[in-house]
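Peer 1: Residue numbers (my numbering): 925 to 1160. Below you will find the structure I want to go over with you.
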């Protein structure tokens, strides 16, 4: 029920494909590490990630080489312990098709959320049934079609409010909500307050550390702020 800050590592499979050509085909059987590592080993993984982040932020000479080495050590430790396997060419092709369809869906919603939007329109373009796509979206996004569209509309409304100078009814209409009741319900669901209450405490446009998109509201920390956050998880 409280807010959280995540330290995440994202890298391209191409980073390791020269030394391990099959890296892009690896898939794990589980997304958790805790069932496979002891508590001390989990702390070690966290420390590796913290050290990697500190090097990336400090950027000493040749930090790129050191970051690559730390990434290699981290992934070697995880992949040698968590059950994993190489996907077949057919499986990899299916993953690519699934990801491509999901990207097309996201673009479809981005282009059409501000007016009436129906899953049947996307299904027709994909040559699929609505029921199949409903199951696909639930599996891929853990949301129904309408839940996802409403979340995009909510973030659009937040962006409009943060820009300032708009009446709430105008924000409601431009963000694509059919009426003010749904508009208000979206804010109650996502942030526990009405649109008016959100507007009164909305981030000011000049605060460049917060960036709105159609999919999230993210706060970008400066290098010094990031160091302060890392200090909280540094071993004493």
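Quick reminder that beta carbons are idealized off the backbone N, C-alpha and C, glycines included.
Could you spell out the range, first to last residue, of the beta strand (DSSP E) harbouring residue 929?
Peer 2: Taking the first residue of the chain shown as 1, we reach residue 929 at position 5. From DSSP, residue 929 is part of no beta strand (DSSP E); its letter is neither H nor E.
Peer 1: When the Cα atoms are used, what is the spatial distance from residue 996 to residue 1032?
Peer 2: As a first step, residue 996 is located in the chain shown; it is residue number 72 there, counting from the start. As a first step, residue 1032 is located in the chain shown; it is residue number 108 there, counting from the start. Near 37 Å, if we compare the C-alpha coordinates of residue 1032 and residue 996.
Peer 1: By the 10 Å Cβ neighbour count, where 16 or more other Cβ atoms means buried, how is residue 1110 classified, buried or exposed?
Peer 2: Within the chain shown, numbered from 1, the residue matching residue 1110 stands at position 186. Residue 1110 comes out buried.
Peer 1: Quick one: what does DSSP say residue 1001 is sitting in, helix, strand or coil?
Peer 2: The count along the chain shown starts at 1 and reaches residue 1001 at position 77. Correct three-state label for residue 1001: helix.
Peer 1: Considering residue 1010, what are the terminal residues of the beta strand (DSSP E) in which it resides?
Peer 2: Translated into positions along the chain shown, residue 1010 becomes position 86. That run of the beta strand (DSSP E) goes 1008 to 1010.
Peer 1: Going along the chain, which unbroken runs of the beta strand (DSSP E) with 3 or more residues stay wholly within the region 945 to 982?
Peer 2: With a minimum length of 3 residues, the continuous beta strand (DSSP E) runs that stay inside the region 945 to 982 are 950 to 952.
Peer 1: Opposite residue 1141 in the DSSP bridges: which residues?
Peer 2: Numbered from 1 along the chain shown, position 217 holds the residue referred to as residue 1141. DSSP output for residue 1141 lists 1136 as bridge partner(s).
Peer 1: Near residue 935, which residues of its chain fall below 8 Å by C-beta distance, leaving aside the five closest residues on each side in sequence?
Peer 2: Position 11 of the chain shown holds residue 935. Only 995 meet the Cβ criterion.
Peer 1: Contact check, residue 1123 vs residue 1085 under 8 Å by CB: the rounded distance?
Peer 2: For the purposes of this step, residue 1123 is taken as residue 199 along the chain shown, with counting starting at 1. For the purposes of this step, residue 1085 is taken as residue 161 along the chain shown, with counting starting at 1. 5 Å between Cβ atoms; contact.
Peer 1: Measure the CB-CB distance between residue 1136 and residue 1082 and report whether it falls below 7 Å.
Peer 2: The residue labelled residue 1136 in the question sits at position 212 within the chain shown. The residue labelled residue 1082 in the question sits at position 158 within the chain shown. Cβ atoms of residue 1136 and residue 1082: closer than 7 Å.
Peer 1: If I measure Cβ to Cβ from residue 1120 and keep anything under 8 Å in the same chain, skipping five residues before and after, which residues do I get?
Peer 2: Taking the first residue of the chain shown as position 1, residue 1120 is located at position 196. Within the same chain, residue 1120 has close Cβ partners 1092.
Peer 1: By the DSSP assignment, the alpha helix (DSSP H) with residue 1119 in it spans what residues?
Peer 2: In the chain shown, the residue the question calls residue 1119 occupies position 195. Where residue 1119 is concerned, the enclosing alpha helix (DSSP H) stretches over 1119 to 1124.
Peer 1: State yes or no: is the C-beta of residue 960 within less than 7 Å of the C-beta of residue 1005?
Peer 2: The residue labelled residue 960 in the question sits at position 36 within the chain shown. The residue labelled residue 1005 in the question sits at position 81 within the chain shown. Yes, the pair counts as a contact, with Cβ atoms nearer than the cut-off.
Peer 1: Buried or exposed: residue 1107, going by 16 or more other Cβ atoms within 10 Å of its Cβ?
Peer 2: Position 183 of the chain shown, counting from 1, holds the residue named residue 1107. By the 10 Å Cβ count, residue 1107 comes out buried.
Peer 1: Quick one: give me the first and last residue of the alpha helix (DSSP H) that residue 1079 is part of.
Peer 2: In the chain shown, the residue the question calls residue 1079 occupies position 155. Per DSSP, residue 1079 belongs to the alpha helix (DSSP H) from 1069 to 1087.
Peer 1: Comparing C-alpha positions only, which one of 977, 982, 1079 and 980 sits nearest to residue 1142?
Peer 2: On the chain shown, residue 1142 is found 218 positions in, with the first residue counted as 1. Closest by alpha carbon: 1079.
Peer 1: For residue 1066 and residue 953, what's the separation of their Cα atoms in angstroms?
Peer 2: Within the chain shown, the letter at position 142 stands for residue 1066. Within the chain shown, the letter at position 29 stands for residue 953. Going from the Cα of residue 1066 to the Cα of residue 953 covers about 19 Å.
Peer 1: So for residue 992, helix, strand or coil by DSSP?
Peer 2: Within the chain shown, residue 992 is the residue found at index 68, counting from 1. It is helical.
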